[in-house]
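Q: Residue numbers (UniProt numbering): 1 to 376. Beta carbons are placed, not taken as given, at the ideal position from N, Cα and C, and that holds for glycine. Remember, it's a predicted structure, so these values are computed and weren't measured experimentally. Before anything else, here's the structure in question.
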């Protein structure tokens with residue numbers, strides 16, 4: 001029987017410190033929302049160095065557990081089908097209700113399965129998280145990083161895995177399992193839970209042993225036996241949970257506000273503490289003032305604007321000819337002067353340009369045609 005905590009050999013979707021990719025790249029490349037299960041890759045795994053239980057023979061323990069569970073299921077069914085057992089208890093006659101008798105059987109089976117797990121060394125279990133496709137990548141990354149290099153790395157938790165996307169249902173929920181060597185260790189289960197809520201910022205649903213998983217014991221099992229070992233409120237009070245969540249929120253806010261201070265300190269490594277505290281204060285919007293080092297382009301724009309407001313000065317025709325545009329492509333600076341000194345066809349074009357400059361809106365081509373007609 002395959003173990004819940006052993007990834008297949010040469011499985012590229014299982015990360016350890018020996019993987020060819022660093023953890024950051026592994027998480028970025030193999031996202032649970034993007035990896036589709038085709039029957040060969042149902043899980044993505046991350047395992048930190050150290051931790052974990054010893055290898056055990058699952059087959060024998062699972063077989064014994066199946067027998068215990070089957071007997072309990074039959075007893076529960078017999079109670080439900082016995083018409084002589086009242087639905088409600090009767091204090092006068094001492095008759096016990098169906099519910100009381102079922103709960104007695106279920107409690108005994110739960111204790112028997114716990115004893116079997118401890119005797120066979122099958123105490124591994126996991127905290128469970130369910131997430132929608134749009135949030136699974138972020139949740140998985142936070143848990144995986146914390147497990148390898150964060151607060152979870154200092155707890156008994158040593159392994160995490162997440163289900164990949166279903167080929168038949170893109171909107172199916174994902175499951176994250178965070179494993180502990182001994183889920184029946186209440187102190188260890190509580191320690192991991194506190195880190196999850198207070199440090200990682202994620203709250204699991206419940207905790208379940210691997211033996212229960214192998215036996216197919218879930219919330220819909222006909223025995224009615226509870227399918228989880230721990231519920232959150234059995235380990236932490238509502239006030240404790242609220243405080244842990246508030247602590248995480250405060251830590252996140254402090255981390256965000258501290259980032260500008262860190263940047264300022266890098267920019268000025270010799271700054272004192274007072275300067276660092278000042279850097280954390282919100283910056284005032286500076287009043288606009290004259291820029292003493294204003295660039296030449298802005299100054300030139302203002303100069304041109306001032307010149308346009310002055311009355312146009314009279315210039316000799318030759319000067320006007322120099323400033324006019326020409327049809328030449330060679331860019332010769334003396335082209336305008338040559339046109340004045342040598343009347344002819346080129347001079348006619350230059351004269352047309354002068355006329356266009358003196359009368360805005362006039363067509364240059366029209367002026368040229370008019371002059372050509374006049375001189376022809």
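For residue 139, count the other beta carbons within 10 Å of its own beta carbon; 16 or more makes it buried, fewer makes it exposed. Which is it?
A: buried
Q: Could you name the residues that DSSP lists as bridge partners for residue 166?
A: 37
Q: What does the Cβ neighbour count give for residue 122, buried or exposed, with the cut at 16 atoms within 10 Å?
A: buried
Q: Run through the stretch 221 to 248 for me and flag every whole alpha helix (DSSP H) of 4 or more residues, listed as ranges in chain order.
A: Runs of the alpha helix (DSSP H) inside the stretch 221 to 248: 232 to 235.
Q: For residue 44, I'd like the list of residues in its chain whose CB is within less than 7 Å of its CB, leaving aside the five on either flank, ordered along the chain.
A: 13, 30, 32, 35, 161, 162, 164
Q: Out of curiosity, what's the CA-to-CA distance linking residue 25 and residue 103?
A: 49 Å
Q: Using 8 Å as the cut-off, can you tell me whether the stretch 128 to 148 makes contact with the stretch 209 to 223, which would need three or more C-beta pairs spanning the two stretches below that distance?
A: no
Q: Under the three-state reduction of DSSP, which class applies to residue 92: helix, strand or coil?
A: Residue 92 falls in the coil class under three-state DSSP.
Q: Tell me the rounded alpha-carbon separation between residue 203 and residue 238.
A: 13 Å
Q: Who are the Cβ neighbours of residue 186 in its own chain at under 6 Å, not counting the five residues just before and after it?
A: none
Q: Would you call residue 154 buried or exposed, if buried means 16 or more other Cβ atoms sit within 10 Å of its Cβ?
A: Residue 154 counts as exposed, since fewer than 16 other C-beta atoms from the protein chains shown sit within 10 angstroms of its C-beta.
Q: According to DSSP, is residue 45 helix, strand or coil?
A: strand
Q: Can you tell me where the beta strand (DSSP E) holding residue 125 begins and where it ends?
A: For residue 125, the uninterrupted beta strand (DSSP E) segment begins and ends at 125 to 131.
Q: If you count every other CB in all the chains shown that lies within 10 Å of the CB of residue 67, and 16 or more means buried, which is it?
A: exposed
Q: Hey, how far is the Cα of residue 7 from the Cα of residue 19?
A: 13 Å
Q: Check residue 85 in the structure and name its three-state DSSP category.
A: coil
Q: Could you check the C-alpha separation between residue 117 and residue 64 for me, to the nearest Å?
A: Here the C-alpha atom of residue 117 lies approximately 10 Å from the C-alpha atom of residue 64.
Q: Can you tell me whether residue 18 is helix, strand or coil according to DSSP?
A: coil
Q: Let's test the definition: count the other Cβ atoms within 10 Å of the Cβ of residue 126 and tell me whether it reaches 16, buried, or not, exposed.
A: buried
Q: Closer than 7 Å by C-beta to residue 205: which residues in its own chain qualify, once you throw out the five before and the five after it? Chain order, please.
A: 128, 129, 130
Q: Do the CB positions of residue 77 and residue 225 come within less than 9 Å of each other?
A: no
Q: With distances taken between CB atoms, is the gap from residue 176 to residue 232 smaller than 9 Å?
A: no
Q: DSSP state of residue 159, grouped into three classes?
A: strand
Q: In chain order, what residues of the same chain lie with their CB nearer than 6 Å to the CB of residue 47, ignoring the 5 residues before and after it?
A: 16, 159
Q: Would you mind giving the Cβ-Cβ distance between residue 213 and residue 4, rounded to the nearest angstrom? I have them listed as a contact below 8 Å.
A: 6 Å
Q: Please check the pair residue 241 and residue 197, which I expect to be a contact at CB under 8 Å, by giving their CB distance rounded to whole angstroms.
A: 6 Å
Q: Nearest CA to the CA of residue 228: which residue from 23, 248, 80, 110?
A: Selected option, being the one with the closest Cα: 110.
Q: Per DSSP, residue 207 is paired with what?
A: 127, 230
Q: DSSP puts residue 179 in a beta bridge; with which residues?
A: 126, 159
Q: Given a cut-off of 9 Å, decide if residue 178 and residue 152 are closer than it, judged by their beta-carbon atoms.
A: A contact, by the Cβ cut-off of 9 Å.
Q: Would you report the Cα separation of residue 124 and residue 184, rounded to the nearest angstrom?
A: 8 Å
Q: For residue 87, count neighbouring C-beta atoms within 10 Å of its own C-beta (all shown protein chains included) and say buried if the count is 16 or more, exposed if not.
A: exposed
Q: For residue 211 and residue 97, I'd like the C-alpha separation in whole angstroms.
A: 30 Å
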